[in-house]
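Residues are numbered in the numbering used here as their position in the sequence shown, beginning at 1, plus a constant of 120. For every residue, glycine included, the Cβ atom is placed at its ideal position computed from N, Cα and C. Everything on this sheet refers to the single structure shown next.
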Amino acid sequence: MANLTTQYMGLKLDSPIIAGSSGMTDKPEKIKKLAEAGAGAVVLKSLFEEQINMEVDSQAVNNMYGNYDDVENYVSFYTRKHNLDAYLKLIKDTKAAVDIPVIASINCISAGEWTDFAKKIENAGADGLELNIFVLPSDPEQEADKLVKNYHQIVQEVSNACDLPLAVKTSYYFTSLSRRMVKLSNEPQVKALVLFNRFYNPDVDLDKEEVKSGHIYSVPEENAMCLRWVGALYGKVGSDLAASHGIHDGEAVLKNLLIGASAVQIASVLYKEGPDEIKSMLNTINAWMDKKGYEKLADIIGKLAQSNIKRPMIYERAQFMKYYSEHR
Ligand SMILES: Cc1cc2nc3c(=O)[nH]c(=O)nc-3n(C[C@H](O)[C@H](O)[C@H](O)COP(=O)(O)O)c2cc1C
Numbered sequence: 121m122a123n124l125t126t127q128y129m130g131l132k133l134d135s136p137i138i139a140g141s142s143g144m145t146d147k148p149e150k151i152k153k154l155a156e157a158g159a160g161a162v163v164l165k166s167l168f169e170e171q172i173n174m175e176v177d178s179q180a181v182n183n184m185y186g187n188y189d190d191v192e193n194y195v196s197f198y199t200r201k202h203n204l205d206a207y208l209k210l211i212k213d214t215k216a217a218v219d220i221p222v223i224a225s226i227n228c229i230s231a232g233e234w235t236d237f238a239k240k241i242e243n244a245g246a247d248g249l250e251l252n253i254f255v256l257p258s259d260p261e262q263e264a265d266k267l268v269k270n271y272h273q274i275v276q277e278v279s280n281a282c283d284l285p286l287a288v289k290t291s292y293y294f295t296s297l298s299r300r301m302v303k304l305s306n307e308p309q310v311k312a313l314v315l316f317n318r319f320y321n322p323d324v325d326l327d328k329e330e331v332k333s334g335h336i337y338s339v340p341e342e343n344a345m346c347l348r349w350v351g352a353l354y355g356k357v358g359s360d361l362a363a364s365h366g367i368h369d370g371e372a373v374l375k376n377l378l379i380g381a382s383a384v385q386i387a388s389v390l391y392k393e394g395p396d397e398i399k400s401m402l403n404t405i406n407a408w409m410d411k412k413g414y415e416k417l418a419d420i421i422g423k424l425a426q427s428n429i430k431r432p433m434i435y436e437r438a439q440f441m442k443y444y445s446e447h448r
């Protein structure tokens, strides 16, 4: 059997399969099952910037007035505070329950006071922090420069607040995706980029003539986006790369490693098939590596990245010119 350890964010993982942030990673009992099935690390369910800010605001009110004037405020303060305490407890309890690295996660859209909370996450024992940063560039008044600056400001403020290795989980909505990924990966504390986040997408209900939420879970075809961008960015970015989108079986894990991912993050398949799917993914990886005579993951990671193949242009091809001209 091959050695499946990998380095990710400066952490040693016993397997390249990370249980990505989702409802599957919000309780130590669930995470224990994922670790037993062979997950190399876990990214905890995200805390949202708003949840942290609400506590900060409530504290400001408390300091100003010394007490709460209305019961509703008081109750909501304790409910919100409970969210943050519960998150720190989740980190501590998960660390006590499993031996794999535990990466905390924050969904955020702006820098601000909330970034101080990163220190509490560090003190609670997290091994790393993933920042899921996304601002939908839907405002026609918003210049790209300002949006981009925001990403860097968040990373810099969190870096000032804690010493944890950071991963930036990002979207593909950038005018110059390659350049932005390189720049973000060069922020000193950023040790990984996670490509890409998955969003709620709109769909249309034709019967009701209403806009509704689209599919929540990914399909394997969506992984093509990771293959293009992880493959193109490997060797150019200053951090590790994790692929996360549409990875539903061991073969898909292998493909993403070959094009340059140090690890993959999965969520949808865990909802659909349960934690034991990780075991069968690892079996597939082991069987393929044995058949091919590979002894360790390091021998395959990045082997088929754009910078390592004879025909790098295959990553650049975007138009089906030949196909369209032959299939009218
Ligand atoms: C139901 C569900 C909940 C998710 N919740 C979070 C979350 O809280 N934070 C986050 O960063 N990503 C979240 N994700 C995104 C996943 O971590 C993952 O990056 C994405 O789904 C792509 O992987 P997949 O194709 O294996 O699902 C969620 C995904 C799903 C399907």
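query, result
"Local Cβ density within 10 Å of D247, reported as buried at 16 or more and exposed below that", "buried"
"Close beta carbons around A139, own chain, < 6 angstroms, minus the five adjacent residues each side", "T145, L154, A159, V162"
"Helix, strand or coil at L347 [DSSP, three-state]", "helix"
"Residue of E393, F237, V302, L353 minimising C-alpha distance to V278", "F237"
"Local Cβ density within 10 Å of P221, reported as buried at 16 or more and exposed below that", "buried"
"The alpha helix (DSSP H) enclosing G160, as first and last residue numbers", "From DSSP, G160 is part of no alpha helix (DSSP H); its letter is neither H nor E."
"Contact check, K165 vs S135, beta carbons under 8 angstroms", "no"
"Distance cut-off 7 angstroms: I172 Cβ against heavy atoms of ligand 1", "no"
"CB contact flag (G358, Q426, <8 angstroms)", "no"
"Between the CA atoms of D410 and L124 - distance to the nearest angstrom", "12 angstroms"
"Sheet register partners of K289 (DSSP bridge)", "N252, V314"
"Three-state secondary structure assigned by DSSP to Q127", "strand"
"Under 6 angstroms, CB to nearest heavy atom of ligand 1: contacting residues", "G140, S141, S142, G143, K165, S166, S225, N227, N252, K289, N317, R318, I336, Y337, S338, S364, H365, G366, I367, Q385, I386, A387, S388, V389"
"Q273 - containing alpha helix (DSSP H), residue span", "264 to 281"
"Own chain partners of G370 with C-beta closer than 6 angstroms, once the 5 adjacent residues on each side are dropped", "M401, T404, I405"
"Cβ-Cβ separation, A287 to A264 (assumed contact under 8 angstroms), whole Å", "That belief does not hold up - the Cβ atoms of A264 and A287 are roughly 23 angstroms apart, past 8 angstroms."
"C-beta contact flag for I226 and E169 at 8 angstroms", "yes"
"Cβ distance (whole Å) where K212 is taken to contact A244 below 8 angstroms", "5 angstroms"
"DSSP bridge partner residues for S225 (one or two, in chain order)", "E250"
"Anticipated Cβ contact below 8 angstroms, I253 with I274, distance rounded", "6 angstroms"
"C-alpha gap between V85 and R300, whole angstroms", "Since the first residue shown for the chain is 121 and the last is 448, residue 85 is missing from the structure and cannot be characterised."
"Where F316 falls, given that 16 or more other Cβ within 10 Å makes a residue buried", "buried"
"Segment contact flag, the region 318 to 333 with the region 369 to 386, C-beta cutoff 8 angstroms, min 3 pairs", "no"
"With 16 other Cβ atoms within 10 Å as the buried cut-off, status of P285", "buried"
"CA nearest to the CA of G394, picked from K239, D283, M121, K150", "K150"
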